[in-house]
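S.K.: Below is a structure I'd like to ask you about.
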Amino acid sequence: MKVLIVGLGSIAMKHINALRLIDSTFEIFALRSSLTSPKIYGVNNLYDYSKIPQINFDFAIISNPTSLHAEAINNLIKFSFPLFIEKPLFNELEKEHLINTVNDNGILTYVACNLRFFDCLLFTKDFVKGKKINEVNSYCGSYLPDWRPDTDFRLVYSANRKMGGGVHLDLIHELDYLYWLFGKPTKISKIFKSNSSLKIDAVDYANYTLEYDDFVSSVILNYYRKDAKRKLEIVTDDKTILVDLLNNTVSENGKVIFQSQQNPIETYESQLRYFIDVIKLKKKSFNDINEAYQILKMCL
632 MKVLIVGLGS
642 IAMKHINALR
652 LIDSTFEIFA
662 LRSSLTSPKI
672 YGVNNLYDYS
682 KIPQINFDFA
692 IISNPTSLHA
702 EAINNLIKFS
712 FPLFIEKPLF
722 NELEKEHLIN
732 TVNDNGILTY
742 VACNLRFFDC
752 LLFTKDFVKG
762 KKINEVNSYC
772 GSYLPDWRPD
782 TDFRLVYSAN
792 RKMGGGVHLD
802 LIHELDYLYW
812 LFGKPTKISK
822 IFKSNSSLKI
832 DAVDYANYTL
842 EYDDFVSSVI
852 LNYYRKDAKR
862 KLEIVTDDKT
872 ILVDLLNNTV
882 SENGKVIFQS
892 QQNPIETYES
902 QLRYFIDVIK
912 LKKKSFNDIN
922 EAYQILKMCL
């Protein structure tokens, strides 16, 4: 297969490594912004969209900054090949026209929320089926400067509002897996703040309340917690189910009932295998551009 990558940053390297694990014969190309862009071993550089028709691409991965996703999608529509789009889909709404154009052209899409392939959440999705849920709490807090220790965190897209940064967008995973587990809420309220000692202009704290017919879910996200925590708590009539995403475990009333040795990086390979199967079978993917846009509306 021939794969085009738009945006060759750190997340793209994870996708490239996953592609190589799936099939070392994949031909990988990257659309670069400058002739002086550094070369990556095994990646062929392209410098202009006009060169794309000369290569019969099987799909493209869009992994540039979120603020540039719409432009990339718009530029690629005319080539009609499937699009694997890194999350979040966009950093703003009012993109219905672009989504309609994608749909009108019959372009297969998938928006990459890899936690849908994480073992502890896959177990939880089956485990909670049919249970009477009273309350759900999701929390994800970590320290942004620790994300990329060799880089000034103030310069990366996460810290910059105009580039599509902000904890609510960066950690849209939490809203995504709640949508995947429980469906679309009937009502949403939210609070965004940016007043921690990080002193960034992007949102560094987000608080959501999601109302469903039978229960309420709270979601708290932040960039400033130094002792990282990422957990999902589901309270039923007689049980409290605790999903620890940092340790890939599930507990019930304090007793571990599921644990996995899966490394989170493996989810990148799993989701690409899924997407490649979707392409081969010519079937609709979950979390396509339409579903991802609904989740983005929840987020923003």
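Residue numbers (my numbering): 632 to 931.
Just so you know, even glycine gets a beta-carbon here, dropped at the ideal spot from N, CA and C.
Mapping DSSP to helix, strand and coil, what is Val634?
M.R.: Strand, per DSSP.
S.K.: Quick one: grab the DSSP three-state call for Lys886.
M.R.: DSSP places Lys886 in strand when its eight states are reduced to three.
S.K.: Once DSSP output is grouped into helix, strand and coil, what is the label at Leu800?
M.R.: It is helical.
S.K.: Please report how far the alpha carbon of Tyr774 lies from the alpha carbon of Asp679, in whole angstroms.
M.R.: If you take the alpha carbons of Tyr774 and Asp679, they lie about 37 Å apart.
S.K.: What does the alpha-carbon distance come out to for the pair Val866 and Leu724?
M.R.: Distance between the alpha carbons of Val866 and Leu724 is about 33 Å.
S.K.: Report yes if the C-beta distance between Leu746 and Tyr808 is below 9 Å; otherwise report no.
M.R.: Yes. Within cutoff.
S.K.: Can the beta-carbon of Ser849 be found closer than 9 Å to that of Tyr839?
M.R.: In contact: Ser849 and Tyr839 (Cβ atoms closer than 9 Å).
S.K.: Where does Arg663 sit, in a helix, a strand or coil, going by DSSP?
M.R.: Note: Arg663 maps to coil in three-state DSSP.
S.K.: Within 10 angstroms of the Cβ of Phe906, are there 16 or more other Cβ atoms? Answer buried if so, exposed if not.
M.R.: Burial call: buried.
S.K.: Taking 9 Å as the cut-off, decide whether the C-beta atoms of Ser681 and Gly638 are in contact.
M.R.: Against a cut-off of 9 Å, the Cβ pair of Gly638 and Ser681 comes out as no contact.
S.K.: Give every residue of the same chain whose Cβ lies closer than 6 Å to the Cβ of Lys821, excluding the five residues on either side of it in the sequence, and list them in chain order.
M.R.: The answer, listed in chain order, is Tyr839.
S.K.: Tell me whether Asp869 sits in a helix, a strand or coil according to DSSP, three-state version.
M.R.: Reduced to three states, the DSSP call for Asp869 is coil.
S.K.: With a 10 Å radius around its C-beta and 16 neighbouring C-beta atoms as the bar for buried, classify Ala859 as buried or exposed.
M.R.: Flag for Ala859 reads exposed.
S.K.: Tell me whether the segment 878-897 and the segment 787-805 touch, counting them as touching only if at least three CB pairs, one residue from each stretch, are closer than 8 Å.
M.R.: The segment 878-897 is not in contact with the segment 787-805.
S.K.: Any idea if Ile896 is buried or exposed, counting beta-carbon neighbours within 10 angstroms, 16 or more meaning buried?
M.R.: It is exposed - the Cβ of Ile896 has fewer than 16 other Cβ atoms within 10 Å.
S.K.: In whole angstroms, give me the CA-to-CA distance for Thr697 and Asp869.
M.R.: Their backbone Cα atoms lie some 42 Å apart in a straight line.
S.K.: With the cut-off set at 9 Å, would you say Trp874 and Leu752 are in Cβ contact?
M.R.: One point to set straight first is that residue 874 is Val, not Trp, in the sequence displayed. Cβ distance < 9 Å, so Val874 and Leu752 count as in contact.
S.K.: Is the number of C-beta pairs between the segment 633-649 and the segment 684-692 that are closer than 8 Å three or more?
M.R.: In short, these stretches touch, since the Cβ pair count reaches three.
S.K.: Start and end of the alpha helix (DSSP H) containing Ala703?
M.R.: From DSSP, the alpha helix (DSSP H) with Ala703 extends over 700-707.
S.K.: Could you check how far apart the C-beta atoms of Leu729 and Ala701 are, in whole angstroms? I think they sit under 8 Å.
M.R.: Right, the Cβ-Cβ distance comes to about 6 Å (below 8 Å), so this counts as a contact.
S.K.: Tyr843 and Asn648 - do their beta-carbons sit closer together than 9 Å?
M.R.: No. Outside cutoff.
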